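No gaps in the numbering here: position 307 of the sequence shown is 321 in our numbering, and each next residue is one more. Here is the structure we will look at, set down as structure tokens.
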Amino acid sequence: MYNSKIIGLGHYVPENVVTNDDLSKVMDTNDAWIQERTGIKERRHVVKGDGDTTTTMGVKAAKIAIERAGIDKDDIDFIVFATLSPDYYFPGPGVLVQRDLGIKTVGALDVRNQCSGFVYGISVADQYIKSGMYKNVLVIGSELHSHGLDMTTRGRSVSVIFGDGAGAAVLSRAEDNETGILSTHLHSEGQHAEELSLIAPGMGKRWVTDIIEEADPNDESYFPYMNGQFVFKNAVVRFSEVIMEGLQANNLEVSDIDMLVPHQANLRISQFIQKKFKLNDDQVFNNIMNYGNTTAASIPIALTEAWEQGKVKKGDLVILAAFGSGFTWGSVVIKW
Ligand code: ACO
């Protein structure tokens, strides 16, 4: 059994920058409210009709990650794609990546774990590599939120938070068991499924035909719903727990952390964790200011930028941690 390790990282965000002031032109909000509550200054939105989708953004990020990994696309043995905003209701974007990258007919798995999707994807890839079944696994997190948000005052408490983008990692077999991914820890608590959710269209309650038939202008069921304060309270507890779980499983201390890359949910959540763990500014990576919350894409975008800026170096102890809709949460402990 060998550890897996990340050998290539890439990200892609659409060019179109949407500032808080831009949002204040279409809804009753303002820069001060958004920055004070979330830390977000701007985010990227795909311009409708310019061709970018969750899949194409994922493919662009993946191409960079594969090139940096120094492998050929045909060396990829398996694809894992995490998103809550797929191009189609079915099939999922994994197979579209297999097609668009022109990879041979390897398996493609879609992960539906929202903000924790990339951490779940890394865990899946890690197990396949550890078991010896696959050598190189491509893990993508990508989201196109902007087309599905309520961009009116009614939806402002959710729509100002989310942005579009993609990140990708290539995982491969490590040469030893001292480096690479040391452990992953995953959790769920479906009791709170509806506290952060988008319930329609779904086969359970309301399908597209019901929405069309009712044609109710007050229908909010096809926009995301978030019980913000409840999510915030749960997030800070679960982030802390799962980071500690990862450290304890490896006999490590908080003081061993070189870089924590938390899911970019809200800058206030990251700051809460940083303060609780008494970490310095250079031990926590945040870029939510520039991209908003990109759900499954947020960790791979942040990890790629941290790596590009030389903030993740060989020998560093790097922790990835996520919490989100489900609720689901998880952590990854990496010796880089
Ligand atoms: N602009 C201006 N005012 C707004 C906006 C906005 N965009 N959105 C809401 N408001 C108003 C509300 O209407 C309310 O007005 P009222 O007092 O007159 O009723 C007031 O601001 C306060 O609203 P709250 O929802 O109570 O604001 P809160 O301080 O809780 O902040 C927020 C909302 C930022 C969503 C916060 O609850 C939060 O950060 N929650 C964590 C959830 C999170 O980060 N989710 C990210 C996605 S989930 C994930 O990735 C884990």
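Don't be surprised by glycine CBs; every beta carbon is placed ideally from N, CA and C. The structure presented is a predicted model; accordingly, all values stated were derived computationally and were not measured.
Inter-residue Cα distance where the pair is residue i and residue j
i	j	result
I57	Q288	It is Arg, not Ile, that sits at residue 57 in the sequence shown. If you take the alpha carbons of R57 and Q288, they lie about 23 Å apart.
H199	I315	21 Å
E234	H161	15 Å
E227	G216	15 Å
L293	N304	22 Å
G324	Y26	19 Å
A311	I175	14 Å
K290	N307	22 Å
N191	N150	17 Å
K19	G194	4 Å
S254	K247	11 Å
W47	I143	45 Å
Q112	K118	7 Å
D88	L115	9 Å
G65	V332	35 Å
P238	I213	8 Å
V245	I85	40 Å
R51	H159	20 Å
D272	K219	46 Å
Y148	L123	14 Å
I90	G177	29 Å
W221	Y236	10 Å
S145	N17	9 Å
D296	V125	31 Å
Contact test: residue i Cβ vs ligand 1 heavy atom, cutoff 7 Å
i	result
V27	no
N280	yes
V32	no
V174	yes
F240	As written in the sequence, residue 240 is Met, which differs from the Phe given in the question. The answer is yes for M240.
H277	yes
T43	yes
L210	yes
T52	yes
S137	no
S202	no
Q288	no
S171	yes
N307	yes
F246	yes
A96	no
Q285	no
Q243	yes
G179	no
F132	no
I48	yes
A229	no
A249	yes
Bridge partner(s) assigned by DSSP for residue i
i	result
A122	I93
T223	Note: T223 sits in no beta bridge, so no partner.
M258	DSSP lists no partner for M258.
W343	H201 and F337
N307	F176
D170	Note that residue 170 corresponds to Arg in the displayed sequence, not to Asp. For R170, which the question treats as bridged, DSSP gives no partner whatsoever.
S186	K19
K349	G194 and L331
L210	M240
E157	G179
E322	Looking at the DSSP assignment, E322 forms no beta bridge with any residue, so it has no partner.
M165	DSSP lists no partner for M165.
L274	V298 and I333
G24	A182
R252	Answer by DSSP bridge pairing: none, since R252 is not bridged.
Nearest-angstrom beta carbon gap, residue j and residue i [assumed within contact, 8 Å]
i	j	result
G344	S186	Not a contact, Cβ separation roughly 21 Å.
F132	A96	5 Å
A139	V94	6 Å
T68	P100	6 Å
L37	T318	Going by Cβ atoms, the distance from L37 to T318 rounds to 26 Å, so no, they are not a contact pair.
I283	V256	The pair is not a contact, with the Cβ atoms about 13 Å apart (cut-off 8 Å).
E203	F341	5 Å
Cβ of residue i within 8 Å of any chain B Cβ
i	result
R252	The structure shown contains no chain B; it holds only a single protein chain.
Heavy atom of ligand 2 within 7 Å of residue i beta-carbon
i	result
G338	Looking for ligand 2 in the displayed structure turns up nothing; the ligands present are ligand 1.
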